[in-house]
Ligand code: ADP
Ligand code: ZN
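In this note's numbering, the protein residues as written are -10 to 715.
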């Protein structure tokens, strides 16, 4: 045998694609191993071996791998395959995918399982004479008769110094044992029975799955899609396979986790950004080592987990744009990744929504996805009655008070008096939309971004919703000095304040990103509302995402206008989805709910579509427009952005990027132009949109190559390639 050295390609968690290292002859590494390698003169990194070869790469001398972390690979072959697809499709590096995929503590090899200290008896107890020590011994004997004795438990109500003496004298000894940070419960409840219409939907799903890999379940709000998912989970577990259940919002995991844990017990775990890195690491290792987790309920990052035997992926609220990660790379869409993951593992994907994305709906129409619709609510609950109020008209007739029409106020009073709860939806957080000088119309803008600032009353500050920076409110207009600034428009914070005037008795809470920065805070909001401690919930789009409350009789949509008027080809679809979804929170039980929809454009084409809840006709019309103007699903989109402090540099780079695409016939370029927000954090933002008919692979490769080349010459420029922007 000749002495051949092995070479390992190692991915580092950096914006690079990795380097090749030599494997020392006394070391065993596998594809997926976590290894410690030198980089440059003085740096070291932990990275993942992505491939092994007997051939030295030509023209380079390879440094040695210095350490291997575990005897097992930290990343599976299936994960590597998926990550490599992601890097290629979303125009980023494997290093960036890895950085997002693996919990930081695992990747840096600093994760430690939680330890519990136990106590056992090792010495002669007859030597114990002192009272405190005898008391401790009594408690020990009692606890030891039940189970192994935890130190913390033993010490409850006992003397620590007596304990320390007994340890010193060799009577007690301590030992450590690994424990779990995850609060896992046993299962307690049987699986719910499906209603006849749910049963039919389930059968249809199964029939379709026999010949198709993806099924779209289009079920109206409160039709019981969750119960159908549960049955599918049960069937999949019976086949000995795992399930990934994706939800768009961390706030949803808590409600669902409780509901699912009742039947799944310790087979279920929730995975999202609200967990500590230790908890995430433990879940990752549990799956990797095939311990007990069979079902993961997760937000988008759960697609990175090392499933070994996945049989089913459920994507609930599949239309939700929050499945897409904008910042930083990888800019992936979790639904898309889930579909690829399922394809690679020969698993099935069940997409569910009351308002499917136009793309999925189109694919279902074409027969590429199976399609099942469920049009009745659970328990014969009726879909809510929707009443449109013309805000302008109400205003003229003096029938508006702040953001509320008289009609809405009246209905709120009735609902509250009947002991029902109310949800108010306003798609803007903060207090006002902006502030303005009534004399000269001056509007304060962010110093770093090209946007007006939003007034937040609680912190009494003007806040930029793009970069987060804030400033105090000027006493007088800084331009003309004549008057104090007045606030215009309204956000959730102002709604809460106004409610104190009209419903001083009622308790109201707010649900928006400002609140959901702390997990405890938004969970508190949801719990109080579920228990009926609060009567009114005011929120942004977060209240439109699958929340299930028994007692909501009334939903108010305070101002539909800014949703419908947003300049984006998806705004019609989005406005429709948001309004139907938020309406769906009303009347989920016996009594029919009411929705009061306030707008200044009651004739806008979306309003009748929401009223009729007629998805088919509305989607047909949207699809026709997308076809006429070449938008998805008829073309693929890539958005390219350049950010730079100097306008000329940004302009020149964006032009060079656009020009490499001019060779393609199938490609249309919109721009380059200023981004909607032309300046963010002191950087000028230039962009163009690429429309591609057919396969986008070669365009993506061109862009990545050109971007890398330009980055070499302009390291301070940011070049962002966003594939399938939302
Ligand atoms: P969707 O996800 O379609 O909006 P959910 O799954 O949240 O609807 O169901 C709405 C409510 O009806 C939930 O509280 C759920 O527990 C209840 N429900 C639906 N189907 C059943 C069933 N078969 N048995 C018992 N309760 C059900
Ligand atoms: Zn800003």
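Built from N, CA and C at the ideal position, the CB exists for glycine as well.
Put simply, the stretch 515 to 529 touches the stretch 396 to 410. At least three CB pairs are less than 8 Å apart. Within the chosen limit of 7 Å, the ligand ADP reaches the beta carbon of residue 216 through at least one heavy atom. With distances taken between CA atoms, residue 68 lies nearest to 86 out of 366, 362, 86, 398. With respect to residue 24, residue 76 sits apart: the two C-beta atoms are not nearer than 8 Å. Setting aside the 5 residues that flank it on each side, residue 543 is surrounded in the same chain by 400, 404, 411, 583, each with a C-beta closer than 6 Å to its C-beta; the list follows chain order. In the DSSP assignment, no residue is bridged to residue 273. For residue 459, the uninterrupted beta strand (DSSP E) run begins and ends at 459 to 461, by DSSP. Residue side-chain check: residue 181 places its Cβ nearer than 7 Å to a non-hydrogen atom of the ligand ADP. Rounded to the nearest whole angstrom, the CA to CA distance from residue -3 to residue 15 is 14 Å. With a contact defined as Cβ atoms closer than 8 Å, residue 160 and residue 112 qualify at about 4 Å.
Taking the Cβ atoms as the reference, residue 432 lies roughly 10 Å from residue 440, outside the contact range of under 8 Å.
With fewer than three CB-CB distances shorter than 8 Å, the stretch 356 to 373 does not count as touching the stretch 311 to 320.
Put simply, the stretch 234 to 249 does not touch the stretch 181 to 197. Fewer than three CB pairs are less than 8 Å apart.
When only Cα atoms are considered, residue 681 and residue 170 end up about 48 Å apart. The ligand ADP never approaches residue 574 closely enough for any of its heavy atoms to be under 7 Å from the residue's Cβ. In terms of side-chain proximity, the C-beta atom of residue 243 is found no nearer than 7 Å to any non-hydrogen atom of the ligand ADP. Residue 220 and residue 571 have their C-alpha atoms some 26 Å from each other.
For residue 362, the CB stays at least 7 Å from every heavy atom of the ligand ADP. With 16 or more other CB atoms across the displayed protein chains lying within 10 angstroms of its CB, residue 36 is buried.
Of the other Cβ atoms in all chains shown, fewer than 16 fall within 10 Å of the Cβ of residue 33; this residue is therefore exposed.
By the Cβ neighbour-count rule, residue 466 is buried, with 16 or more other Cβ atoms within 10 Å of its own.
The three-state secondary structure of residue 351, taken from DSSP, is helix. Assignment of residue 661 by DSSP, reduced to helix, strand and coil, places it in the strand class. Annotated three-state conformation of residue 432 is coil, per DSSP.
Straight-line spacing of the CA atoms in residue 198 and residue 217 works out to 14 Å.
Of 687, 605, 290, 251, the smallest CA-CA separation from residue 178 is found for 251.
Not one heavy atom of the ligand ADP is found less than 7 Å from the C-beta of residue 251.
Within 10 angstroms of the beta-carbon of residue 617 lie fewer than 16 other beta-carbons, which makes it exposed. If you keep only unbroken alpha helix (DSSP H) runs of at least 4 residues inside the stretch 576 to 625, you get 595 to 601, 604 to 617.
Bridge partners of residue 709 according to DSSP: 630.
The alpha carbon of residue 397 has as its nearest neighbour, out of 435, 339, 191, 548, the alpha carbon of 548. Between the ligand ADP and residue 187, a heavy atom-to-CB distance of less than 7 Å is present. For the pair residue 645 and residue 678, the CB atoms are not nearer than the 8 Å cut-off. Spatial neighbours of residue 495 in its own chain (CB-CB distance under 6 Å, excluding positions within 5 residues in sequence) are listed in chain order as 405, 524, 525.
When secondary structure is reduced to three states using DSSP, residue 90 falls in the helix class. Only buried fits residue 565, as 16 or more other CB atoms lie within 10 angstroms of its CB.
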